[in-house]
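Quick note on numbering: the working numbering labels position 29 of the sequence shown as 29, and the sequence is numbered without any gaps. Notes to accompany the following structure.
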Amino acid sequence: MSLINIIHNWIDERIDLKTLQAKMLNEPMPGGSSYAYAFGSALLFIFIMQATTGIFLMFYYAPTADHAWQSTQYILKELDYGWFILSFHFWGASAMVVMLVSHMLQVFIWGAYKKPREMVWLAGIVLFLIVMGFGFTGYLLPWDQRAFWGTTVGVEIMDKAPIVGDFLARFLRGGPTAGAQTLSRFFVIHVMILPAALVIMFSLHLFFFRKAGPAGPFKATAKELETKMEFFFPRQVFKDIVVMAGVFVVIAGLSVLSPVELLDEASPEPTDYNPEPEWYFLFLFQLLRLPMFSGQLGEFLGAIALPGLFIVLLMALPFINRNPERHPLKRPFAMSAVVLLMVSIVVLTWLAIASRSE
Ligand code: HEM
């Protein structure tokens, strides 16, 4: 018997590896495996890559107002492969948002949020907010002009929220303007609170998913679901790995082709720098430029009421829409709403980008 076998048997005797393996890999998938179900695992993979590159970065990054920019510059210019790790982390964040939206669209189109998967969906919405929080807090950390002014505008928007807005903005800023306190608070939220929240919420998401079971294809009959049943291993595992490898290649490629560039160090002195958020928040930024969202009431409506209402609506979705029909062609209202939403987001983002060159 080889040494590996001896070790395997020794562990197996103590923690029953076979049952563990069966529980992890033999999850029944009604209707069989599909590339459409790979987005969730790809999201988890990107999170693990973000955590890994983030830990590497933390060895060199100094989260203080007088050293953050210098340490980021050091990572980019001096440290061996530092530019690659930071760029991978930067592009990984965008990949996570793209994958998150793809995953949400997939489960929406497949009607996978419907009974009995309401709790999977609700935990998913919390995960969505956590990922947005990662993007918002991470943006400040390089402490350059883009980071400083983008965050200043972001926190000003938050200030407009009723009841909690003022408290939240004061808490995040830690003073009248963005400064040393803001940076430490954003750093703690980015590297401690959000990762812990994501791990907890993901565990719940997966637990609820395992309890309810995968929704499977929307067009199959109960009999087809039964006869086309596959286990998670090997076919779905293979498809998940193919998508993960693709995601890795794309992020690494973008990091090499377009590495992170640092602007001048943050300075609270008024400048002609035009603040702008990360691209995935640009549509919201552009929405606020529309005449109907100007003035105090308009700003409140565009920046707080509308996004807040959208999140509440997303959460309420499985409870409002209780029709068990999952086929997208038989849900014309839901499909038109999602197409309209996606087109509006793309058009607003495009307008924001086009207005840069004006
Ligand atoms: C960090 C974020 C997230 C991670 C890591 C994640 C991960 C996963 C994984 C691994 C699965 C099982 C396989 C699959 O269908 O992909 C899954 C299923 C699911 N997720 Fe997520 N998810 C995240 C965010 C979300 C969000 C934002 C939503 C929706 C608001 C959501 C809703 C669902 C639903 C409804 C299912 C069940 C799909 C089915 O039964 O076919 N997830 N998720």
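Ideal Cβ positions, reconstructed from N, Cα and C, are used throughout, including at glycine.
Enclosing alpha helix (DSSP H) for residue i [first to last residue]
i	result
L225	222–227
M315	306–320
A334	332–356
K23	17–25
K160	No alpha helix (DSSP H) contains K160, which DSSP labels as neither H nor E.
F285	282–287
A62	No alpha helix (DSSP H) holds A62; DSSP gives it neither H nor E.
S71	68–77
M49	39–58
R371	With the chain covering 1 to 358 only, the question about residue 371 has no answer from this structure.
G295	295–300
Close Cβ partners of residue i (< 6 Å) along its chain, the five nearest in sequence each way excluded
i	result
L168	M158
V155	A169, L172, R173
G92	I46, M49, Q50, I251
M244	A42, F45
I109	P328
I189	T137
E27	F232
P214	M29
Cβ neighbours of residue i in the same chain (closer than 8 Å, five flanking residues each side left out)
i	result
Y60	S71, Y74, I75, L79, G82
G317	Note that residue 317 corresponds to Leu in the displayed sequence, not to Gly. Contacts found: Y113, W121.
A36	Q106, W110
L25	F231, F232, F233, V237
L183	P63, T64, A65, A68, L140, L141, W143
I311	I125, L129
G175	Q181, T182
Cβ-Cβ distance between residue i and residue j below 8 Å
i	j	result
D240	A95	no
V153	Y280	no
A112	H205	no
L282	T177	no
A65	G138	no
L198	I130	yes
L3	I11	no
G31	L340	no
L194	G133	yes
A352	F285	yes
L86	V260	yes
R117	A212	yes
G216	M29	yes
F300	K160	yes
F202	L127	yes
G302	L288	yes
E13	G135	no
A147	A337	no
P270	K115	no
F218	R326	yes
Residues near residue i by beta carbon distance below 7 Å, same chain, minus five either side
i	result
S33	E230, R235, Q236, K239
D264	D144, Q145
F380	The structure shown has nothing for residue 380, since the chain only spans 1 to 358.
R185	L172, G174
H89	Q50, T53, G54, L57
D166	D159
Segments assigned alpha helix (DSSP H), at least 4 residues, entirely inside the segment 201–251: Every unbroken stretch of the alpha helix (DSSP H) spanning 4 or more residues and falling wholly within the segment 201–251 is given here in chain order: 222–227.
Which runs of the alpha helix (DSSP H) at least 4 residues long sit entirely within the segment 82–148? Give them in chain order. Segments of the alpha helix (DSSP H) lying fully in the segment 82–148: 82–109, 118–140.
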